[in-house]
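In what follows, a single structure is set out as structure tokens and then discussed.
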Amino acid sequence: MKLTHQDYKVAWICALPLEMAAAKAMLNEVHDSLSQPATDHNAYTLGSTAGHNIAIACLPAGVYGTTSAATVLSHMLPTFPGLRFALMVGIGGGVPSKSADIRLGDVVVSLPTAMYPGVIQYDYGKTLRDGQFHRTGSLNKPPQFLLTAISQIRSNGMMGNSHLTDIISDTLERHDNMQQSFSRPNDDWLFVPSYTQLDRNPDCLACDPSYLVERSPRPTQEPDIHYGLIASGNQVMKDATTRDSIAQQFGILCFEMEAAGIMGQLPCLVIRGICDYCDSHKHKQWQGYAALVSAAYARTLLLEVPTHSDNVSRNQQTGHWMVPFDQNTRFMGREDIIANLDEWLTQQTRPTKMAIHGLGGVGKTQIALEVAYRMRNKYPNLSIFWIPCTSYESVDQAYVNVAQKFGIPGVKPEDVKQAVSNYLSQESAGEWLLIFDNADDSDMWINGSSAPALKKFLPRSQQGHILFTTRNRTLALKLASPHLIEIPEPDQDISLSILESLIDSDLLVEKDAALRLLEQLAYLPLAITQAASYIQENQISISKYLHLLEGNESQTIDLLSEDFEDEGRYDTIQNPVATTWWISFQHIQELNDLAIEYLSFMACINPREIPTSLLPQRRSENEKTKAIGLLKAYSFVTEQAGRKFLSLHRLVHLTTRSWMKNIGMFRAHVLKTADQFSDVFPDRDISCRKLWREYLPHVLLLIKEDDFLEKQHEYTQMIRRIGSCLSEDGRYNEAEKLIHQVLNIHQRDLGPENLQTLETMADLALIYWYQGRWKKAEELGVQVLKARTQILGFGHPDTLLSMANLASTYLKQGRWQEAEELQIEVLTAYKEILGFEHPNTLLSMSILASIYSNQDRRKQAEEIEVQVFKTRREILGLKHPSTLLSMSNLASIYSNQDRWKEAEEIGVQVFKTRREMIGLENSSTLLSMANLASTYYKQGRWTEAEQLDIKVLWLQKQVIGPEHPDTLITMHNLAFIWHSLGKASDALALMKQCVHLRNKVLGHQHPHTISSTKALDDWIEESNTSPRQYLPASNQEKNDRHAHKIPKAVVDS
């Protein structure tokens, strides 16, 4: 008798072709193929063993992980409706420990414990406030009859009746072509967790055998069977330290990548043959044997599982069907969400209501439609009704149609909702599914101001399910709490597949353009469909559409506002992306005026990582929380980093701006946003660096707005603060543009000799100084000095500051005599006006010492710096930042005198004190470490210098940024250290990176850029000869740099 789909009771799922080969080898009989639905993309091998009819399926080539496994099984279930259970059989990575002597070729079988169901999805959960990862969700444990079969196998093993080796030998004899790839290898090497494989040799021949773990040999080659927890995740585990950390937390025996995807859909057991130890020493030579031994165990298991006949009638009554759309034959992806909904609909103990929520246009309706059609195919007796909630009238008409389907007699229109609710609440109604699509209007569902609230007409029955689709998460909670599923945008691959299904194949040659288009559309299905419709209708290329989309803002909005035909959407509502969100804006405006104010504020700045501290604080914290909560409920914003940051969806950001312009409110909100920044943007204080870095991406976007530029003269102090912070971060080119902008305004509005104008000129001269543009810094510095001397007088602190800055500029130009004369003049004035012990006097002395040091007048430099150090120590204490600065400068002088031991002793003391006082992750502490590394380098202690500078470079990238000039100095120095150590290729690669970044940040004419470029050219030229020795560029704290920051009558820092 020919078998039907209903006759297959066991799903055997594999991830790899070699696992499928092992599975096929276990079959006693191979059956003919059966037809399958067009929606089922699996390829099956059908057969039987131990009396069980089995359908074997393999994951698509190269597409692994829990989602892929879930997709394979979700396609399989409708095709083979009689499936009782699944076996996930194949290879995995073992976790050897003191309690479990797991070796290559052993088998691990998922077995529940007191706390866990046999399989744990270790990468599915959430990070808590303390940084701990909390695993969320739970998987189903194997069914009772499989656990009973396992007990039988274990008892047989205790009596010495295990036949795995016999099954393996018999299989290899019957299939001699498998012997080469599936026989048991000899080498089983386990290395200590801390030892990683340094090369890519697959047999570990280059690995150091002294790191092998000593294990006593086993008496036979019979594989051991281990029972316990298996960890399932979406990434290959190949780090022994991570392996042990997770394994110890949960008691894991094995890691694999697929099982978690199928445990919730069908009763399942996971069987894994061990082919590696989840470390960097992965051995592919064990994969064949591990696959075969796992398949052999699966066959042994099936011998113990009793078979059952299935006489269930297949002629069940067909349920009612009321869905307004045809099935979307181009639907793809979303299998994890479909699987969750399928599980909800099929579990015996389940909630009766569920809501899927997400951004308008993300595909909620299409998911609900796909679920409806799959449920119809899977359960023909299930009645399915679709209620469009676009208006009260559409809901009323749908209820009338449901009443007609059931033949409910004599119902008046005003009573039809209650009548349908009563009927569906009865057992005689049978099993049913109600889908309420576009349930977005809270007034319609909860408040009922213009008609009775719809929520009161929802039927209650254990035989029925209600599914809501909504943009409004708050409403979703009120209708179906806590059973909600958030619908995100699909990933890039699925989005590309959607686009490919909608446009002609000859347009798909532009793969890069297609990917850029999807990124611009934020992977939103409705936007992709709209774009495809425009491309098709106008017969243009993807590149042409992308060019239009990336045009000016109004042009982009015009595209997003284009109406188009879509068979899967309602005739009564407009389809464009922009229109669908304008409706949501109106809903929000009616519900919460603060929420719309926040949305308007965010539309004026960068949409990503908006600090919540930026939001206007004009209301209570409770009102702020509710406003943000409503924007989150509509999926317009997402929250990150413990509620500290918000991100606005890219297309929502664009559409909000358009909406504000349409209602004439954009200009007002730009200026309100500018007022907020004027209040909250910090001064250039190093303690505020973290805050200004959070604010900069947003204020920089704001000040480019045309509406702001028209009023920028009212915000010059804010712009100047922004420029100063950019300069402090080493972003000199950006800072220059802003300060120049302010200078032009001040010269126009206040005049060239106004004190504010002069301060701005001094700021610009400082930026030129940092850029290495000494001539321009001098020209501007001389101009400021003359004006301040004339207006304020010689003895004014601002005049003296200008003199000190100009002296530093002369020093950088090598004009030491002029620098000395000017600095002595400054110092004399400070002593007379402020006194010898004043901080500015001491700093001026330190600058003079730096000038002497550059003139090789080292003895004078040392005497002055020692005097400064002693005075600061006496007045401020040894641990004060200014005292430590003197010590660091003194170490620099000793280093230049080749007094390495003294330089090192002071450098170590400065570093340790700063680490103790301000922590390791502070720019001053890191500068001390870098100075110490330079001292080691000059002594020829290159390895110590390397270790220190590697750490400095990594920390500087985190603390001050990867492109900060100080970070680039460390990068330059480390390249020289590697060059000296003979690591030529590493040195060359790092110096190339340094030259690229210095050109970008400092410009090609900056002395540091010239220095790095020359070194790079020399290294390339001398690549085949012994390299010359270069001393690293100094990373010491330069007093002339600090001179530019002398504050008025306060201690430097």
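Quick note: the sequence shown, position 959, residue 959 per the UniProt record's numbering, numbers continuous.
All C-beta atoms, glycine included, are put in the ideal place defined by N, C-alpha and C.
These figures come from a predicted structure and were not determined experimentally.
Decide if residue i is buried, meaning its Cβ has at least 16 other Cβ atoms within 10 Å, or exposed.
i: Met263; result: buried
i: Leu269; result: buried
i: Leu1002; result: buried
i: Lys417; result: buried
i: Phe869; result: buried
i: Ala25; result: buried
i: Asp949; result: buried
i: Pro96; result: buried
i: Ile663; result: exposed
i: Pro60; result: exposed
i: Ile628; result: buried
i: Asp1040; result: Caution applies to Asp1040, whose pLDDT of 35 falls short of 50 and renders its modelled position unreliable; the model cannot decide the point.
i: Lys901; result: exposed
i: Phe836; result: exposed
Going by beta carbon distance, what residues of the same chain come within less than 8 Å of residue i, once the five residues before and after it are set aside?
i: Lys632; result: Arg473, Thr638 and Glu639
i: Asp40; result: His75, Met76, Pro78 and Thr79
i: Ile485; result: Ile337, Asn340, Leu341, Met354, Ala355, Ile356 and His357
i: Pro388; result: Pro324, Ser394, Val395, Ala398, Asp437, Asn438 and Tyr570
i: Tyr8; result: Leu46, Asn53, Ile54, Ala55, Phe80, Gly82 and Leu83
Which whole-angstrom value is the C-beta distance of residue i and residue j, which I expect to be below 8 Å?
i: Ala403; j: Val411; result: 5 Å
i: residue 1071; j: Cys994; result: Nothing can be reported for residue 1071: it is not among the residues displayed for the chain, which extend from 1 to 1053.
i: Leu920; j: Leu955; result: 7 Å
i: Ile487; j: Ile610; result: Between Ile610 and Ile487 the Cβ distance is about 23 Å, and since that is not below 8 Å, they are no contact.
i: Asn592; j: Lys626; result: 7 Å
Once you ignore the five residues that flank residue i on each side, which residues in its own chain have a CB closer than 7 Å to its CB?
i: Phe708; result: Val670, Ala674 and Leu702
i: Gln316; result: In this prediction, Gln316 scores a pLDDT of 39, lower than 50, which makes its location untrustworthy; the coordinate-derived value is nonetheless stated afterwards. For Gln316, where only same-chain residues beyond five positions count, the Cβ hits under 7 Å are Pro380 and Asn381.
i: Leu3; result: His31 and Asn53
i: Thr1013; result: Val995
i: Arg873; result: Thr883
For residue i, which option in the options has the closest C-alpha, if you only look at C-alpha atoms?
i: Leu800; options: Asp749, Ala514, Thr841 and Lys957; result: Thr841
i: Gln897; options: Asn854, Ser882, Ser923 and Met917; result: Asn854
i: Lys141; options: Lys672, Asn156, Ser110 and Ser151; result: Ser110
i: Ser802; options: Trp816, Lys812 and Ala777; result: Ala777
i: Gly723; options: Glu714, Leu743 and Tyr373; result: Leu743
i: Pro17; options: Glu29, Gly90, His52 and Gly65; result: Gly90
i: Asp493; options: Ala476, Ala522 and Phe191; result: Ala522
i: Leu885; options: Ala903, Gln867, Val910 and Thr871; result: Val910
i: Ile466; options: Leu651, Asp491, Gly333 and Ile435; result: Ile435
i: Phe191; options: Thr241, Ile150, Asn754 and Leu780; result: Thr241
i: Val784; options: Glu736, Gly814 and Pro752; result: Pro752
i: Asp706; options: Phe666, Gln717 and Arg693; result: Phe666
i: Thr71; options: Ala50, Glu258 and Thr45; result: Glu258
i: Ser903; options: Thr913, Leu890, Lys912 and Arg914; result: Note that residue 903 is Ala in the sequence shown, not Ser. Checked all of Thr913, Leu890, Lys912 and Arg914; the closest Cα to Ala903 is Leu890.
i: Thr148; options: Glu916, Asn377 and Val305; result: Val305
Below 6 Å CB to CB, which residues in the same chain sit around residue i once its five sequence neighbours on both sides are set aside?
i: Ala849; result: Ala861, Ile864 and Glu865
i: Tyr770; result: Tyr732
i: Ile833; result: Gly795
i: Asp276; result: Gly93, Lys282 and His283
i: Asp763; result: Ile739
i: Cys58; result: Cys14 and Met20
i: Asn622; result: none
i: Arg314; result: The pLDDT assigned to Arg314 is 34, lower than 50, so where the model puts this residue is not dependable, and the model offers no usable value.
Suppose only complete runs of 4+ residues qualify. What are the alpha helix (DSSP H) ranges in the segment 944 to 1013, listed by chain order? 965 to 980 and 984 to 1001
Give, in chain order, every unbroken run of the alpha helix (DSSP H) that is at least 4 residues long and sits entirely within the segment 662 to 699. 666 to 680
Runs of 4 residues minimum, wholly inside the segment 795 to 822: which ones carry the alpha helix (DSSP H) assignment? 797 to 812
Go through the UniProt domain "NB-ARC" (335 to 481) residue by residue and report every complete run of the alpha helix (DSSP H) that reaches 4 residues or more, in order. 335 to 346, 364 to 378, 392 to 406, 416 to 424 and 473 to 480
In chain order, which beta strand (DSSP E) runs of at least 3 residues are fully inside the segment 102 to 185? 107 to 110, 119 to 121, 125 to 127 and 133 to 135
Fully enclosed by the segment 206 to 235, which beta strand (DSSP E) runs are 3 residues long or longer? 225 to 232
Quick check on the DSSP output: what are the complete alpha helix (DSSP H) runs of length 4 or more inside the segment 224 to 301, in order along the chain? 240 to 250
Could you tell me which uninterrupted alpha helix (DSSP H) segments, each at least 4 residues in length, are contained entirely in the segment 860 to 937, listed from first to last along the chain? 881 to 896 and 900 to 918
Where are the alpha helix (DSSP H) runs, 4 residues long or more, that stay fully inside the segment 718 to 795, in chain order? 732 to 749, 755 to 770 and 774 to 792
Which runs of the beta strand (DSSP E) spanning at least 3 residues fall entirely within the segment 66 to 94, listed in chain order? 85 to 94
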